[in-house]
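Here's the structure, in structure tokens; my notes come after.
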Amino acid sequence: MNSTVFEAVIALAQQAGSCILPYWRTGLQVQEKSDASPVTAADMAAHQCILSGLRALDPSIPVLSEEDCSIPLHERQHWTRWWLVDPLDGTKEFIQGSEEFTVNIALIEQGQAVWGVVGLPAKQAYYYGGSLQQAAWYCSPTERHALKIPVQPHTLGPSSIIASRRHTNPAQEQLLHLIQETLGTPELRSAGSSLKFCLVAEGQVECYPRLSPTAQWDTAAAQAVLEGAGGVVLTLDGSPLTYEARQDFINPAFLALPAKAPWRDQILALACSSQSFATAAQSKH
1 MNSTVFEAVI ALAQQAGSCI LPYWRTGLQV QEKSDASPVT AADMAAHQCI LSGLRALDPS
61 IPVLSEEDCS IPLHERQHWT RWWLVDPLDG TKEFIQGSEE FTVNIALIEQ GQAVWGVVGL
121 PAKQAYYYGG SLQQAAWYCS PTERHALKIP VQPHTLGPSS IIASRRHTNP AQEQLLHLIQ
181 ETLGTPELRS AGSSLKFCLV AEGQVECYPR LSPTAQWDTA AAQAVLEGAG GVVLTLDGSP
241 LTYEARQDFI NPAFLALPAK APWRDQILAL ACSSQSFATA AQSKH
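At position 235 of the sequence shown the residue is numbered 235 (full-length UniProt numbering), and the sequence of numbers has no breaks.
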């Protein structure tokens, strides 16, 4: 896949952002999906923009979007290359008027997120990159050129951790407690949407642990960006987070961090301990 295609998809993410912004901070109507998550007219406008754009770009590449995920497994399991889309990630942030919502478009090949773009409509900025380009970049209206971004691991332990602003569970809380207790009380930040991965990719924070549930479309594009920048997203057994076709779209627990972080194994051990702690506590009730 050549750079012309990537440029077209970046432009598509920006167009989707333009579809979203007229609804932002307008008190728009919110509906509830079958899984109790919110959806708005902004989600659907961005979905239609991206879906039609990707199909026009190359109709042979399938598209799976959060807002159109009813494609049966027996069809999806034959896909070797496909687009995975969250047209508006961080809908709760969007509804509350926060700037921390994103447009996520990822290219999946053989179960790997190999390239992605994460648009930040409120800032008219975006991150893009992945293993196909072996790099990642950030582009904003204040910069004349896209800035190449590298992860920056602190030697002795993560100096800063980022977590979800709105989603947590007992395992997540236990892990954050153990990290603060064990690894020198790093700064704890919070943010919404896939922006958390991008802040790790940019070197603004060093670890994003996630033991509460996420869906595949929440993570793929930003995972690609992070991996392009020299990061990694690991499940708790130490293997990479992947996107093979399966019946549901829920990710396992994961850690996003610099690939060469010397404290990687220590964080993994703490995460496994936290997961076990929460499971044991739940079984008592």
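Note that CB positions come from ideal geometry on N, CA and C, so glycine has one too.
It should be emphasised that the depicted structure is a prediction, and the values quoted were computed from it without experimental measurement.
Per DSSP, what are the beta-bridge partners of residue i in this structure?
i	result
K148	W137
N104	D86 and V118
S193	According to DSSP, which records beta bridges pairwise, S193 is partnered with nothing at all.
P258	G231
G129	G116 and A136
L236	Its beta-bridge partners do not exist; DSSP assigns none.
D68	S65
I188	Going by the sequence as given, residue 188 is Leu instead of Ile. BP columns for L188 point to I161.
A215	I250
P38	E32
E109	R81 and Q112
State the Cα-Cα distance for the pair residue i and residue j, rounded to the nearest angstrom.
i	j	result
Q112	S131	10 Å
T182	G228	29 Å
P59	R81	12 Å
residue 293	A42	Given a span of 1 to 285 for the chain in the structure shown, any question on residue 293 remains unanswerable.
residue 288	A280	Since the displayed the chain opens at 1 and closes at 285, residue 288 lies outside it and no answer follows.
A253	P213	7 Å
A278	T4	47 Å
Q31	L12	25 Å
E206	P153	6 Å
K148	Q134	11 Å
S34	P22	26 Å
T242	F249	11 Å
F6	L107	10 Å
T185	I161	10 Å
Q77	T235	22 Å
V233	T168	18 Å
M44	L28	13 Å
P141	A122	12 Å
T40	R144	34 Å
Going along the chain, which residues of its own chain have a beta-carbon closer than 7 Å to the beta-carbon of residue i, five neighbours each way excluded?
i	result
V225	G116, V118, Y127, Y128, G129, G130, A136, F197, C198 and A201
S274	A171, Q174, L175, L178 and L211
V151	V200, A201, G203, A229, G230, G231 and P258
D86	E66, N104, W217 and D218
A46	A16, C19, I20, P87, L88 and V103
A8	L57
R25	G97
T155	P262
K260	P153
residue 343	Here the chain covers residues 1 to 285 and nothing more, so residue 343 does not appear.
L84	L64, A106, I108, Q216, W217, A220 and Y243
L270	L175, L178, I179 and T182
Provide the residue span of the beta strand (DSSP E) that contains residue i, from first to last.
i	result
G119	Q112 to L120
I161	S160 to S164
Q31	V30 to E32
S3	No beta strand (DSSP E) contains S3, which is instead part of the alpha helix (DSSP H) from S3 to I20.
R210	Y208 to R210
Cutting at 8 Å between CB atoms, please list the residues of its own chain near residue i, excluding the five before and the five after it.
i	result
A36	none
S70	none
M1	L107, W115 and L132
C272	L236
Q247	L73
Provide the residue span of the alpha helix (DSSP H) that contains residue i, from first to last.
i	result
E181	P170 to T182
L51	A41 to L57
T80	Taken as a continuous stretch (DSSP letters only), T80 belongs to no alpha helix (DSSP H), as it is neither H nor E.
residue 315	Absent from the structure is residue 315, since the part of the chain shown begins at 1 and ends at 285.
H74	L73 to R76
E93	T91 to I95
Whose C-beta lies closer than 6 Å to the C-beta of residue i among residues of the same chain, with five residues either side of it excluded?
i	result
E100	G90, E93, A191, G192, S193 and L195
residue 337	The shown model of the chain, from 1 to 285, leaves out residue 337, and the question about it has no answer.
P62	W79 and W82
G157	L183, G184 and W263
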